[in-house]
């Protein structure tokens with residue numbers, strides 16, 4: 076198919092924009108002007124605060140075109156940003172997209188990318204309302220900025236966790252990390268399809284984040300993009316606390332254990348450092364935590380307590396299955412460091428300093 | 076200096092973020108959370124609509140590191156987005172930035188870039204409230220998303236021009252295009268510094284756009300990023316009209332004439348197709364146009380009538396100095412086409428379709 080499709084350089088920018096606008100569809104839902112003027116014109120909801128986040132994905136750093144389809148990448152580009160809005164307790168609203176495209180990219184690739192983006196957007200009522208196109212002399216780059224809204228009284232920040240709070244994780248951990256291992260082997264079997272999918276097209280916890288926020292039971296929340304260890308460090312740093320995670324409580328599905336063990340890797344590593352799970356990590360008082368776990372279970376979302384918030388001077392530690400306690404390093408990925416081989420990897424947000 | 080500065084890969088992402096956050100400073104002005112959580116948390120003004128736009132700049136396509144300093148690029152990245160907010164009549168508020176950095180980039184480059192961004196931001200009270208960092212296996216990429224606000228009754232769209240309206244341009248045309256010619260020669264003389272500066276660090280017409288919007292005298296407005304011809308075509312397409320520009324009325328400064336003539340180029344070409352001037356093109360009824368020109372002159376901004384809006388079936392034409400009338404093509408730049416040699420060039424917005 077790619078061989079028959081014209082290339083981006085063949086049809087020129089204007090026609091490409093026309094094709095994109097046709098796939099993106101009308102902006103709808105609070106967008107008075109989408110693609111079609113100097114800026115998008117949006118109608119924020121009265122009395123709500125605005126949320127803004129962005130995530131850039133670079134070919135060769137965050138994805139490989141041989142591994143992820145354009146449609147999957149479109150879904151993923153939106154999903155990883157949706158997860159950030161979810162972790163603030165917000166409602167996603169509008170996406171703005173910059174695409175930096177190699178001139179020899181098939182036009183069909185761009186169309187498929189937008190199809191994925193629209194599919195994901197339709198699920199969460201998030202239209203693409205504007206953006207920017209450029210030629211790339213190197214890798215394909217996708218940068219998506221997502222705007223959302225939240226009631227001032229419902230915002231859940233990273234800061235706010237107190238010693239004695241319990242730490243809850245939604246869903247399961249390590250699926251995406253295991254999926255990446257499978258992809259690196261380049262021999263995914265049928266059973267491993269779920270893992271690969273978890274890695275390529277994560278399911279952002281938008282409804283869950285909203286449920287947690289409206290319950291007002293959470294003291295702090297963060298999404299798990301870089302791995303539980305890394306993101307726990309961020310939450311603790313922002314809250315000025317320490318934490319203790321219990322390995323036996325981590326929601327490690329059998330498929331993750333098996334994939335790791337087959338490769339001589341400790342499954343715990345995938346749960347703690349694998350990243351890309353896009354689950355939510357929540358701190359809540361013990362009473363609130365039980366209510367939260369029940370509330371989520373009632374909504375069909377598994378969630379469990381995985382540890383406890385501790386005073387800052389105790390640091391961040393892990394209780395191993397045998398009872399030994401050791402400091403838990405943030406580890407996680409650093410895009411400027413050595414791991415050049417990773418076809419996916421959380422575009423790490425800057426949001427590591429303390430808030431205003 | 077670059078030789079002594081550590082490289083981006085040497086200090087790792089966390090430290091780089093810390094350095095950036097220190098330069099960026101507190102988010103201030105309506106930003107409850109800036110760099111430091113999963114998303115920025117912003118407080119929109121009551122009763123205003125939201126404006127959102129982005130512009131990506133790619134090394135080797137929009138800039139060359141040998142030609143533009145990091146500080147200039149920081150200013151420019153914000154300025155070209157400010158111009159889009161200006162052309163809607165809006166007030167710029169918050170910037171979100173994605174940086175895709177080659178690992179061997181000196182840390183001092185990133186710091187200087189942020190210094191430029193902060194300098195430009197301080198002029199317009201626009202803080203950087205969030206963003207994203209990634210490693211680049213290829214060119215340096217800067218993608219800035221800018222949010223702004225505007226009262227619903229003051230928005231000036233591209234559509235709205237009517238036959239009989241006059242077309243006004245602020246400032247002068249061709250300076251940036253001439254600056255690019257000078258840079259391509261790699262022999263800027265003292266006198267040409269102003270041209271080069273116009274190209275590298277354009278001055279967005281934020282106050283002017285706001286003045287035009289609050290006057291309520293304009294029917295349509297667009298900023299001149301890709302050249303008068305190209306952007307006039309967009310305004311006319313959105314408004315469903317034609318236009319006639321008079322060459323003798325174009326504000327072509329002497330320095331532009333001289334630079335063009337020295338190189339055997341028609342100065343008109345720079346005014347019409349040069350791009351990057353970031354002036355405003357406004358359509359207004361004849362009475363309103365006189366008032367607007369006076370209003371702008373009183374504010375110290377030269378503005379002049381350069382032509383007239385015509386019925387759509389007359390097309391878009393140019394009256395040459397000798398009185399001949401010819402169709403005016405949009406020309407402008409297309410990033411996927413041949414002009415690989417251009418170190419700067421308007422990251423063309425998608426906003427070419429009709430509005431919702």
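Chains as they are written, first to last, in the numbering used here: chain A, 76 to 431; chain B, 76 to 431.
All C-beta atoms, glycine included, are put in the ideal place defined by N, C-alpha and C.
Within 10 Å of its beta-carbon, does residue i have 16 or more other beta-carbons around it, so buried, or fewer, so exposed?
i: residue 386 (chain A); result: exposed
i: residue 306 (chain B); result: buried
i: residue 99 (chain B); result: buried
i: residue 176 (chain A); result: buried
i: residue 236 (chain A); result: buried
i: residue 132 (chain A); result: buried
i: residue 402 (chain B); result: exposed
i: residue 405 (chain A); result: buried
i: residue 322 (chain B); result: buried
i: residue 289 (chain A); result: exposed
i: residue 328 (chain B); result: buried
i: residue 87 (chain A); result: exposed
i: residue 260 (chain B); result: exposed
i: residue 222 (chain B); result: buried
i: residue 408 (chain A); result: With a pLDDT of 39 at residue 408 (chain A), under the threshold of 50, the modelled position of that residue is not reliable, and the figure given next carries that caveat. When all chains shown are included, residue 408 (chain A) counts as buried.
i: residue 336 (chain A); result: exposed
i: residue 366 (chain B); result: exposed
i: residue 139 (chain B); result: exposed
i: residue 349 (chain A); result: buried
i: residue 122 (chain A); result: exposed
i: residue 104 (chain A); result: exposed
Would you say residue i and residue j are within 9 Å of each other, going by their C-beta atoms?
i: residue 126 (chain B); j: residue 114 (chain A); result: yes
i: residue 211 (chain A); j: residue 136 (chain B); result: yes
i: residue 296 (chain A); j: residue 374 (chain A); result: no
i: residue 311 (chain A); j: residue 206 (chain B); result: no
i: residue 95 (chain B); j: residue 189 (chain B); result: yes
i: residue 149 (chain B); j: residue 193 (chain B); result: yes
i: residue 278 (chain A); j: residue 170 (chain A); result: no
i: residue 355 (chain A); j: residue 299 (chain A); result: yes
i: residue 347 (chain B); j: residue 242 (chain B); result: no
i: residue 394 (chain A); j: residue 382 (chain A); result: yes
i: residue 343 (chain A); j: residue 325 (chain A); result: yes
i: residue 116 (chain A); j: residue 230 (chain B); result: yes
i: residue 101 (chain A); j: residue 202 (chain A); result: yes
So what's residue i in DSSP terms, helix, strand or just coil?
i: residue 149 (chain A); result: helix
i: residue 79 (chain A); result: coil
i: residue 321 (chain A); result: strand
i: residue 402 (chain B); result: strand
i: residue 392 (chain B); result: strand
i: residue 357 (chain A); result: strand
i: residue 351 (chain B); result: coil
i: residue 90 (chain A); result: helix
i: residue 289 (chain B); result: helix
i: residue 342 (chain A); result: helix
i: residue 284 (chain B); result: helix
i: residue 278 (chain B); result: coil
i: residue 159 (chain A); result: helix
i: residue 364 (chain A); result: helix
i: residue 410 (chain B); result: Per-residue confidence for residue 410 (chain B) stands at a pLDDT of 40, beneath the threshold of 50, marking its modelled position as unreliable; no derived number is given.
i: residue 179 (chain B); result: coil
i: residue 374 (chain A); result: coil
i: residue 397 (chain B); result: coil
Considering just the uninterrupted stretch of the beta strand (DSSP E) at residue i, what are its terminal residues?
i: residue 385 (chain B); result: 378-385
i: residue 175 (chain B); result: 166-176
i: residue 295 (chain B); result: 295-298
First and last residue of the alpha helix (DSSP H) that includes residue i?
i: residue 58 (chain A); result: The structure shown does not extend to residue 58 (chain A), since chain A spans only 76 to 431, so no value can be given for it.
i: residue 142 (chain B); result: Here residue 142 (chain B) belongs to no alpha helix (DSSP H), and DSSP marks it neither H nor E.
i: residue 327 (chain A); result: First-last for residue 327 (chain A): undefined, no H or E at that position.
i: residue 268 (chain B); result: 268-275
* Asked: Which whole runs of the alpha helix (DSSP H) in the region 181-260 of chain B are 4 residues long or more, in chain order?
  -> 182-199 and 250-260
* **In chain order, each beta strand (DSSP E) run of at least 3 residues that lies wholly inside the region 99-138 of chain A** => 106-108, 115-117 and 124-133
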